[in-house]
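> This is the structure I want to talk about, given as structure tokens.
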Amino acid sequence: MDEIIQKLDNYLSTLRPEFYRQLNEPLDNSQLNKLEEYYKIKIPKDLRILYKWKNGQQPNCYEPFVNNSCFIPLHQALYDASELTPMIGFDFEIENWWNENWIPIFQNGGGDSICFDLKGIFTEQKGQLIEFWHADNDRNVIAPTLEMFFGKIIDFYETKQMEEFDEYFKVEKIDNYPQKFILK
């Protein structure tokens, strides 16, 4: 994961320098440990590596990081998850409309997220990325790991010339993904 993050850093700083400057400073181990203690959660290694690189993007930066979604700071991701989880069984009556094991790390500003799945809901693949749609009943697993997802972002940057670059792009063509699940 460290090598992937370094490549991503190089591409973002070169191809999207204005956006790159809008990324927040990284978290250190002490800050990560405090978040773990406060939210009573164990932050997985890949998420620790990600947030030790950059802690999301600044709140006034609306340019998408990937899939028309912004990269949110970890404290916001954990707060949002903690706000959604108590709604399970009340506002969210359908099983896995929201799951307590999801951490939204990318959000589109309209209530939809790409979440890091701590437990592997639907597939038993811990660390997979799953789409949470606030108003739709599909829950697509879009990548088996954060590392593979970022690898596809890097593939995108490697195949584009600067003059061709458009900041909106969708990570696709991951073998056997997305895996689609419809909630009933």
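According to our numbering, the sequence shown is numbered sequentially starting from 214.
Every residue gets a Cβ at the ideal spot worked out from N, C-alpha and C, and that includes glycine.
1. Are the beta-carbon atoms of residue 268 and residue 257 separated by less than 7 angstroms?
2. Rounded to the nearest angstrom, what separates residue 296 and residue 217 at their Cα positions?
3. Out of 329, 360, 264, which one is the CA nearest neighbour of residue 353?
4. Assuming residue 280 and residue 384 make a contact with CB atoms under 8 angstroms, what is their CB distance in whole Å?
5. Please check the pair residue 342 and residue 359, which I expect to be a contact at CB under 8 angstroms, by giving their CB distance rounded to whole angstroms.
6. Grouping DSSP H, G and I as helix and E and B as strand, with all else coil, what is residue 270?
7. To the nearest angstrom, how far is the alpha carbon of residue 266 from that of residue 223?
8. Going by C-alpha to C-alpha distance, which of 345, 373, 371 sits closest to residue 313?
9. Just to confirm before moving on: does the CB-CB distance between residue 244 and residue 270 stay below 7 angstroms?
10. Identify whether residue 344 lies in helix, strand or coil by the three-state DSSP scheme.
11. Rounded to the nearest angstrom, what separates residue 247 and residue 241 at their Cα positions?
12. Expressed to the nearest angstrom, what Euclidean distance is found between the alpha-carbon atoms of residue 293 and residue 386?
13. Compare the Cα-Cα distances from residue 390 to each of 338, 348, 350, 367 and report the closest residue.
14. Could you please give me the residues that DSSP links to residue 236 through a beta bridge?
15. In the DSSP assignment, the beta strand (DSSP E) including residue 282 goes from what residue to what residue?
16. Should residue 328 be flagged as near chain D, meaning a C-beta pair shorter than 7 angstroms?
17. Pick from 225, 215, 290: whose alpha carbon is nearest that of residue 321?
Reading from the atomic positions:
1. Locating residue 268 in the sequence shown gives position 55, counting from the first residue. Locating residue 257 in the sequence shown gives position 44, counting from the first residue. No, they are not a contact pair.
2. As a working note, residue 296 is residue 83 in the sequence shown. As a working note, residue 217 is residue 4 in the sequence shown. So the alpha carbons of these two residues sit roughly 31 angstroms apart.
3. The residue you call residue 353 lines up with position 140 of the sequence shown. Looking at the Cα atoms, 329 is the closest of the given residues.
4. Mapped onto the sequence shown, residue 280 falls at position 67. Mapped onto the sequence shown, residue 384 falls at position 171. So it is a contact: roughly 6 angstroms between Cβ atoms.
5. Counting from one through the sequence shown, the residue named residue 342 turns up at place 129. Counting from one through the sequence shown, the residue named residue 359 turns up at place 146. Indeed, because the Cβ distance is near 7 angstroms, the residues count as touching under 8 angstroms.
6. Numbered from 1 along the sequence shown, position 57 holds the residue referred to as residue 270. Residue 270: strand per DSSP, three-state reduction.
7. The count along the sequence shown starts at 1 and reaches residue 266 at position 53. The count along the sequence shown starts at 1 and reaches residue 223 at position 10. Cα to Cα, the separation comes out at about 12 angstroms.
8. Counting from one through the sequence shown, the residue named residue 313 turns up at place 100. The shortest CA-to-CA distance from residue 313 to any of 345, 373, 371 is the one to 345.
9. Counting from 1 along the sequence shown, the entry for residue 244 is found at position 31. Counting from 1 along the sequence shown, the entry for residue 270 is found at position 57. It is not a contact, given that the beta carbons lie outside the stated cut-off.
10. As a first step, residue 344 must be located in the sequence shown, where it is residue number 131. Three-state DSSP puts residue 344 in a strand.
11. The residue labelled residue 247 in the question sits at position 34 within the sequence shown. The residue labelled residue 241 in the question sits at position 28 within the sequence shown. For the pair residue 247 and residue 241, the Cα-to-Cα distance works out to about 10 angstroms.
12. For the purposes of this step, residue 293 is identified with residue 80 of the sequence shown, where counting begins at 1. For the purposes of this step, residue 386 is identified with residue 173 of the sequence shown, where counting begins at 1. A direct Cα-to-Cα measurement between residue 293 and residue 386 gives close to 29 angstroms.
13. The residue given as residue 390 occupies position 177 in the sequence shown. For the options 338, 348, 350, 367, the alpha carbon positioned closest to that of residue 390 is the one of 338.
14. Along the sequence shown, one-based indexing puts residue 236 at 23. Under DSSP, residue 236 shares a beta bridge with 270.
15. Stepping through the sequence shown from its first residue, residue 282 is reached at position 69. First-last for residue 282: undefined, no H or E at that position.
16. Here chain D cannot be found, since the structure has a single protein chain.
17. By one-based count along the sequence shown, residue 321 stands at place 108. Nearest to residue 321 by alpha-carbon distance, out of 225, 215, 290, is 290.
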